[in-house]
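Working notes for the structure below.
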Amino acid sequence: MNKYYPFVLIFVIVFFIITSCAEKKEFNSLVYRSGGFGIENYHLILNHDRSFALKVEYNPLTADSTNVGTFKGKISPEQMEKIEKAVAKITKKGYDYNDPEFVLDAGNYEVIINIDKSIKVYNTNNATDEFYNDIITPLNQICERILTAR
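Take the sequence shown: its position 146, counted from the start at 1, is 148 in this note's numbering, and no numbers get skipped.
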């Protein structure tokens, strides 16, 4: 048994390293909508091939109306990998995305994820900090990069 101990130990270490790495979850499409109460009005459709369509609606609080319209293109592989990791995290069973505290003056966020033949809908006007940091912030960053890259 002693001669197998190093091999077993190496196997266990490699197994934990592999399983602890952040996994990615490929999706067919992702729809992101935000709007209301001072936040940007984005409608982003992101497909598994990295192609997107972004519709930005008029926001009276935004002085720059040149960002209103529909924009199409592809996001970078790095951005897609970040979104795939976020999708893997938020689609885990038991993930809490909505803070139950009653709020009237917050923007509304909706993320719809189509994976294989299932659709998961996350709709909240009071996102948890974790949900906001995991998926809303990266999606907003992608929308902002699209608008500044034109």
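Each residue gets a CB set at the ideal place from its N, CA and C atoms; glycine is no exception.
Original post:
With a cut-off of 8 Å, do at least 3 Cβ pairs link the region 44 to 60 to the region 130 to 138?
Top reply: no
Original post:
What does H50 pair with, by DSSP beta-bridge criteria?
Top reply: As a working note, residue 50 is residue 48 in the sequence shown. Paired residue(s): none; H50 is not in a bridge.
Original post:
Taking all protein chains shown into account, do 16 or more other C-beta atoms lie within 10 angstroms of the C-beta of K84, making it buried, or fewer, making it exposed?
Top reply: Residue mapping note: residue 84 aligns to position 82 of the sequence shown, counting from 1. Classification for K84: buried.
Original post:
What separation, rounded to the nearest whole angstrom, lies between the Cα atoms of P140 and Y34?
Top reply: For the purposes of this step, residue 140 is taken as the residue at position 138 of the sequence shown. For the purposes of this step, residue 34 is taken as the residue at position 32 of the sequence shown. Each residue's CA atom was taken as its position, placing P140 and Y34 some 11 Å apart.
Original post:
Can you tell me the Cα-Cα spacing of P8 and L32, whole angstroms?
Top reply: Taking the first residue of the sequence shown as position 1, residue 8 is located at position 6. Taking the first residue of the sequence shown as position 1, residue 32 is located at position 30. Each residue's alpha carbon lies about 45 Å from the other.
Subject >> Cβ distance (whole Å) where N30 is taken to contact I92 below 8 Å >> reply: Taking the first residue of the sequence shown as 1, we reach residue 30 at position 28. Taking the first residue of the sequence shown as 1, we reach residue 92 at position 90. With 8 Å as the limit, N30 and I92 do not qualify as a contact, their Cβ atoms being about 16 Å apart.
Original post:
Taking the Cβ atom as the reference point for each residue, do G154 and G96 lie within a distance shorter than 8 Å?
Top reply: Outside the displayed span of the chain (3 to 152) sits residue 154, for which this structure offers no information.
Original post:
With burial defined as no fewer than 16 other Cβ atoms inside 10 Å of the residue's Cβ, what is the status of A24: buried or exposed?
Top reply: On the sequence shown, position 22 is the one that residue 24 refers to. Interpretation of A24 is limited by its pLDDT of 49, a score under 50 that renders its predicted location unreliable; the figure taken from the coordinates is listed afterwards. It is exposed - the Cβ of A24 has fewer than 16 other Cβ atoms within 10 Å.
Subject >> beta strand (DSSP E) segment containing K76, residue limits >> reply: As a working mapping, residue 76 is identified with position 74 in the sequence shown. Segment 71 to 76, the beta strand (DSSP E) holding K76.
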